[in-house]
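> Just dropping this structure here.
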Amino acid sequence: MKKITFKSIKKLIANNLVTVLFLVICGFGIPLSGYSANFLISGIIVRISRNSFLILSLLIPIMAGMGLNFGMVLGAMAGQIGLIFVTDWNIVGIPAMVLAIIISIPISILLGQLCGRILNKAKGREMVTAYILGFFMNGVYQLVVLYGMGSIIPIKNTSLVLPRGYGIRNTVNLIGIRQSLDSIFNLSIFGIKIPLMTFIVIGVVCVFIVWFRKTKLGQDMRAVGQDMDVAAAAGIQVEHTRIVSIVISTVVAGIGMIIYLQNIGTLNTYNSHTQIGMFSVAAILVGGASVSKANIGNVFLGVILFHLMFIVSPMAGKNLIGQAQLGEYFRVFVSYGVITMSLVLYEMRKKRENLVNAEKLKDDQGDSNEN
Amino acid sequence: MKINKRFYIRVTAMGLIILFAILMAFLGKQHTILIDNKNIEINGVELKALQIVEFQVDKQPALELAKRDRLKTLVQGQTHTFIITYADENWEEFVLEKKLKVPFSEDMLIFSIPAFINDIEDVDNYLKPFIIKTIN
Amino acid sequence: MENIKLADKIKSFAHDFGWPRIIIALFLLSLFIMAPFVGVNINTSLSDTFNRFGMNCIMVLAMVPMIHSGCGLNFGLPLGIIAGLLGATLSLEFNFVGGQSFLMAMAFATPFAVLFGWAYGKLLNRVKGGEMMIATYVGFSSVAFMCMMWLLLPFTNPTMVWGYTGKGLRTTISTEGYYLHVLNDFLAIRIGEHFVFPTGMVLFFAVFALGIWAFLHSKKGTAMTAVGSNSVFARASGIDIDKTRILSVILSTWLGAMGILVYQQSFGFIQLYMGPFFMALPAVSAILIGGASVNKASITNVIVGTFLFQGILTMTPSVMNSVIQTDMSEVIRIVVSNGMILYALTRKTEATR
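Protein sequences appear in the order of chains A, B and C. Take 1 as the starting number for the first sequence in this note's numbering and just add one per residue. Take 1001 as the starting number for the second sequence in this note's numbering and just add one per residue. Take 2001 as the starting number for the third sequence in this note's numbering and just add one per residue.
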């Protein structure tokens, strides 16, 4: 029986500092905001169904040692392109979502391959590179959507196009697929709507991830994530495996974006995808994941805590200082601060581990020298 | 690229996916149908609109049209059942039913009730594509 | 024989210089050549380019110390910019005007810059190896934090606060009446109707550039370079690596503060709240375009890079709009600046990080 000592509690907090901090923030924020439990719970349920899929896409690159995949934005863009086409062809409902997914997958694979190759060339600084790549691809996306669509790429539905004749409008009404996945199996508990089908879909992906870990490819990825040289020595194609992990992540992100957008019902053509990377990364970090370790529990805990904070902040800020704007800036600050802190803690822990391992090695050598 | 069993499996899989995608497109394609109860001229014969008529598509709630009305309804998919209920001068009720296929590529169609009542088989005369005239 | 040698020389030059840079330089040259043919006045364009060059060059210069000391590209430049913003707002709050206002802004900004730089440097020392990612997020977090502060801090100057409530700073504050164009107009050279050379601003930059150059060749400066290129050798020579890195971060942050002040006096506005959020990226791409890499940079890189980058930003809208009848300048800016950073990040350099 492990004794729950003060020391072990301290260690628990130190290891999960970010999560604990968030619990404290939520603990203060919820009563301050004055929202009812009913409101908060239904809001959280919606956000879990909306965002989980996207956050789940981050798991596999972490497993493969690629760090936090800020390049999931590429998948989001692919999903959006699929939705634009589906809306143009006036296709609605579940078939539209499925079709959008089918269209987005080859684009995601292509972009994922590109991302993976570039990341392989920047070993050691994957995260910064993925981050900048996201911006770069945003430029390419704009090139395609703002200039190519309507001119080189035929768009039939003129209501989608800007007045000047080409380029998609800033907002695309997704009324055709709005809530289409959520509305199947409408379940209501105590007046709180639960989108059952969406949760089933999320559940399927979770099962897939668990299964994937046990496959040969999954094991290869974990080996590459642990130590690239050892994995190479064991005969694993390190470069190829890394690329595959990014491709899977991008495809999942594309599907996740489509699920996200069907819940919201409107597509902000040039803005929807930009914040997605940051919010998903922040959420998984809040859930206790680190740059090198993450599991499904992190995803769901993270979604709940992060979005709880997100919902409560403006009202809490208003009741505390009198300005809701303060609350909004506060949640932006907290989102970025969380990522900063997690990154710093991760690096510090890595250094400490390396030091400990080096010490152990030294001791072992010393022992063997003595004998 | 080696032409072996793996290659054939992949090509078949992709083909299946493409077929599935096309199926999705057909299942999900949405059309707007304008229901017209206006006087319409076909082959030089003018068909009059009815005083009042009830129109139902598939399982949607029935719509009522008076003379010179035009209503809009949305349908998803290709095959639809149209049911028209009306009464003529002798207050006799007639119910007409017809299953129709909507052409895939058209987004908006116009359905003329007088023409439908006149000749139920002459589809081309009562169900036509409708193009919104834009002012340039 | 001679011809083969020349071809080889050109090839190796191109390989070292980097194809992207050559492409960018040629692109800019072609824009300048095309300009008169599409009705864009060359004098105005040159004038604008020089103006933008002056506006940005000190912030680009801020990249140099940290690259030298091995801290990588300073994505955390917003921290220095915030120090500068604090200096500017304080100077305005105390109602200094004209040149004095600018000098006081510099004076107020400096202690903040030193403090921020010191804390930031200490943080970076704890995370050797992952500096760039953390720099980015430190930059973002501090901008977000200051967003809250700008709302709360007790400023009273009526040109700065929201008119209705009198509390909280506005998003943009005009420098007119304070230090607008203080440097630009100093000894400005006017040639004809369209060309104005902002001598004051360029001279200001020249002073700083000279200062940094002198510093890098001083004892402390060479120590900094040693720390960045070969830390083992540096430690063996008795150099305190951590202290040197902190010094480079402080220097970089301070230059960022000065840089934003120069930018503001030319631009005409102080941009608070989310203004500084993305400001690191143009500076980073500029120095990379100028030939720097993640761990090597010189003053020449700064000058060449800023000129090329700002040149493209100035010329693309005017020239391309006349040629293709579309405003693709925003997209081109995104693609060029981020593409350049990507190129630098994916190059195999001497050190692994």
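All C-beta atoms, glycine included, are put in the ideal place defined by N, C-alpha and C.
1. Taking 8 angstroms as the threshold (C-beta atoms), are LEU2247(C) and LYS2220(C) in contact?
2. Quick check on this structure: which residue in ILE2058(C), GLY2039(C), ARG2235(C) and PHE2053(C) has the alpha carbon closest to the alpha carbon of ALA2209(C)?
3. Sorted by chain position, which residues of the same chain lie with C-beta nearer than 6 angstroms to MET228(A)'s C-beta, five sequence neighbours on each side aside?
4. How would you label TYR131(A), buried or exposed, when you count the other beta carbons within 10 angstroms and need 16 or more for buried?
5. Under DSSP, the alpha helix (DSSP H) around GLN2310(C) begins and ends at which residues?
6. What's the gap between the Cα of VAL312(A) and the Cα of PHE53(A)?
7. Along chain B, in chain order, which residues have C-beta atoms closer than 7 angstroms to that of GLY176(A)?
8. Run through DSSP, which three-state label would ASP1036(B) get?
9. Please classify THR250(A): does DSSP put it in a helix, a strand, or coil?
10. So, helix, strand or coil for GLN365(A), using DSSP?
11. For the alpha helix (DSSP H) containing THR2253(C), name the first residue and the last one.
12. Would you list the one or two residues that DSSP bridges to THR1073(B)?
13. Determine the direct distance from the alpha carbon of LEU114(A) to that of GLN1078(B), and round the result to whole angstroms.
14. If I'm right that MET2146(C) touches LEU2092(C) with Cβ under 8 angstroms, what's the distance once you round it to whole angstroms?
15. Taking the alpha carbon of GLY2054(C) as the reference point, which residue from VAL2336(C), LEU2308(C), VAL2262(C) and SER2101(C) has its own alpha carbon closest?
16. Can you list the beta strand (DSSP E) stretches of 3 or more residues lying completely in the region 57-104 of chain A, in chain order?
17. Which full runs of the alpha helix (DSSP H) of 4+ residues lie inside the region 2317-2353 of chain C, going along the chain?
18. When the Cα atoms are used, what is the spatial distance from GLY2275(C) to GLY2168(C)?
19. What number of angstroms, rounded off, separates the C-alpha of ALA231(A) from the C-alpha of PRO106(A)?
20. What residue range is occupied by the uninterrupted alpha helix (DSSP H) comprising ALA193(A)?
21. If you draw a straight line from the C-alpha of THR2352(C) to the C-alpha of SER2237(C), how long is it?
22. Let me see if you follow: with CB-CB separation under 8 angstroms, is GLU2350(C) close to chain A or not?
23. Which residues in chain B sit within 7 angstroms of ALA96(A), going by Cβ to Cβ distance?
24. Strictly by DSSP, which residues pair up with ILE200(A)?
25. Enumerate, from N- to C-terminal direction, the unbroken alpha helix (DSSP H) stretches of 4 or more residues contained entirely within the region 2269-2300 of chain C.
26. Tell me the DSSP secondary structure of VAL2138(C) in three-state form.
27. With a threshold of 8 angstroms between beta carbons, is GLU347(A) in contact with chain C?
28. With DSSP as the reference, label ALA1062(B) as helix, strand or coil.
29. Compare the Cα-Cα distances from SER290(A) to each of ILE339(A), VAL252(A), LEU267(A) and ILE264(A) and report the closest residue.
30. Using a threshold of 8 angstroms, state whether the C-beta atoms of ARG47(A) and VAL303(A) are closer than that.
31. Between which two residues does the alpha helix (DSSP H) carrying PHE2116(C) extend?
32. Which residue's Cα is closest to the Cα of MET66(A): VAL92(A), LYS10(A), MET77(A) and VAL247(A)?
33. Using the beta-carbon of each residue, which ones in chain A are nearer than 7 angstroms to THR2435(C)?
34. Could you work out which residues of chain B lie near TRP211(A), taking near to mean beta carbons separated by less than 8 angstroms?
35. Select from the region 102-125 of chain A all residues with a C-beta closer than 7 angstroms to any C-beta belonging to chain C, and list them in chain order.
36. Have a look at MET1024(B) and TYR166(A) and give me their C-alpha separation to the nearest angstrom.
Taking the coordinates as given:
1. Taking the first residue of the third sequence as 1, we reach residue 2220(C) at position 220. Taking the first residue of the third sequence as 1, we reach residue 2247(C) at position 247. In contact: LYS2220(C) and LEU2247(C) (Cβ atoms closer than 8 angstroms).
2. Here residue 2209(C) corresponds to residue number 209 of the third sequence, with the count starting at 1. Answer by Cα proximity: ILE2058(C).
3. Looking up residue 228(A) in the first sequence gives position 228. Cβ neighbours of MET228(A) beyond the five flanking positions: VAL238.
4. As a working mapping, residue 131(A) is identified with position 131 in the first sequence. It is buried - the Cβ of TYR131(A) has at least 16 other Cβ atoms within 10 Å.
5. In the third sequence, residue 2310(C) corresponds to position 310, counting from 1. Taken as a continuous stretch (DSSP letters only), the alpha helix (DSSP H) holding GLN2310(C) covers 2299-2315.
6. On the first sequence, position 312 is the one that residue 312(A) refers to. On the first sequence, position 53 is the one that residue 53(A) refers to. So the two alpha carbons sit approximately 23 angstroms from each other.
7. As a first step, residue 176(A) is located in the first sequence; it is residue number 176 there, counting from the start. Within chain B, the residues near GLY176(A) are GLN1030.
8. In the second sequence, the residue the question calls residue 1036(B) occupies position 36. In this structure, ASP1036(B) counts as strand in the three-state DSSP scheme.
9. Working through the first sequence from its first residue, we reach residue 250(A) at position 250. In this structure, THR250(A) counts as helix in the three-state DSSP scheme.
10. In the first sequence, residue 365(A) corresponds to position 365, counting from 1. GLN365(A) falls in the helix class under three-state DSSP.
11. By 1-based counting over the third sequence, the position of residue 2253(C) is 253. Looking at the DSSP string, the run of the alpha helix (DSSP H) that includes THR2253(C) is 2241-2267.
12. Here the question's residue 1073(B) lines up with position 73 in the second sequence. Looking at the DSSP assignment, THR1073(B) forms a beta bridge with ILE1033(B).
13. Counted from its first residue, the second sequence places residue 1078(B) at position 78. Counted from its first residue, the first sequence places residue 114(A) at position 114. Straight-line Cα distance between these residues: approximately 40 angstroms.
14. Taking the third sequence and counting its residues from 1, the one referred to as residue 2146(C) is at position 146. Taking the third sequence and counting its residues from 1, the one referred to as residue 2092(C) is at position 92. The pair is not a contact, with the Cβ atoms about 16 angstroms apart (cut-off 8 angstroms).
15. In the third sequence, the residue the question calls residue 2054(C) occupies position 54. Checking every option, the nearest Cα to that of GLY2054(C) belongs to VAL2262(C).
16. none
17. 2321-2324 and 2329-2345
18. Taking the first residue of the third sequence as 1, we reach residue 2275(C) at position 275. Taking the first residue of the third sequence as 1, we reach residue 2168(C) at position 168. If I take the Cα positions, the gap works out to 16 angstroms.
19. Numbered from 1 along the first sequence, position 231 holds the residue referred to as residue 231(A). Numbered from 1 along the first sequence, position 106 holds the residue referred to as residue 106(A). About 29 angstroms.
20. The residue labelled residue 193(A) in the question sits at position 193 within the first sequence. In the sequence as presented, Ala is not what sits at residue 193(A); that position holds Lys. Unbroken run through LYS193(A) is the beta strand (DSSP E), 192-195; no alpha helix (DSSP H).
21. Stepping through the third sequence from its first residue, residue 2352(C) is reached at position 352. Stepping through the third sequence from its first residue, residue 2237(C) is reached at position 237. Because the pLDDT of THR2352(C) is 27, which lies under 50, any placement of that residue in the model is unreliable, and the number read from its coordinates should be weighed accordingly. C-alpha separation (whole angstroms): 22 angstroms.
22. Reading the third sequence from its first residue, position 350 is the one you call residue 2350(C). Interpretation of GLU2350(C) is limited by its pLDDT of 38, a score under 50 that renders its predicted location unreliable; no figure is taken from the coordinates.
23. As a first step, residue 96(A) must be located in the first sequence, where it is residue number 96. Correct list: GLY1028.
24. Locating residue 200(A) in the first sequence gives position 200, where the first residue counts as 1. Beta-bridge pairing links ILE200(A) to no other residue.
25. 2280-2289
26. One-based indexing of the third sequence puts residue 2138(C) at position 138. Residue state, collapsed to three classes: helix.
27. Along the first sequence, read from residue 1 onward, the residue named residue 347(A) stands at position 347. Interface residue, yes.
28. Counting from one through the second sequence, the residue named residue 1062(B) turns up at place 62. The answer is coil: DSSP assigns ALA1062(B) none of H, G, I, E or B.
29. Indexing the first sequence from 1 puts residue 290(A) at position 290. Of the listed residues, the one whose Cα sits closest to SER290(A) is ILE339(A).
30. Against the first sequence, residue 47(A) aligns to sequence position 47. Against the first sequence, residue 303(A) aligns to sequence position 303. Yes, they are a contact pair.
31. Walking along the third sequence from the start, residue 2116(C) turns up at place 116. PHE2116(C) -> alpha helix (DSSP H) spans 2098-2126.
32. Counted from its first residue, the first sequence places residue 66(A) at position 66. It is VAL247(A) whose Cα lies nearest to the Cα of MET66(A).
33. Beyond the ends of chain C as shown, which are 2001 and 2353, falls residue 2435(C); an answer cannot be given.
34. Within the first sequence, numbered from 1, the residue matching residue 211(A) stands at position 211. By Cβ distance, chain B contributes nothing, its closest Cβ being about 20 angstroms from TRP211(A), past 8 angstroms.
35. ILE118, LYS121, ALA122, GLY124 and ARG125
36. One-based indexing of the second sequence puts residue 1024(B) at position 24. One-based indexing of the first sequence puts residue 166(A) at position 166. Those two C-alpha atoms are separated by around 27 angstroms.
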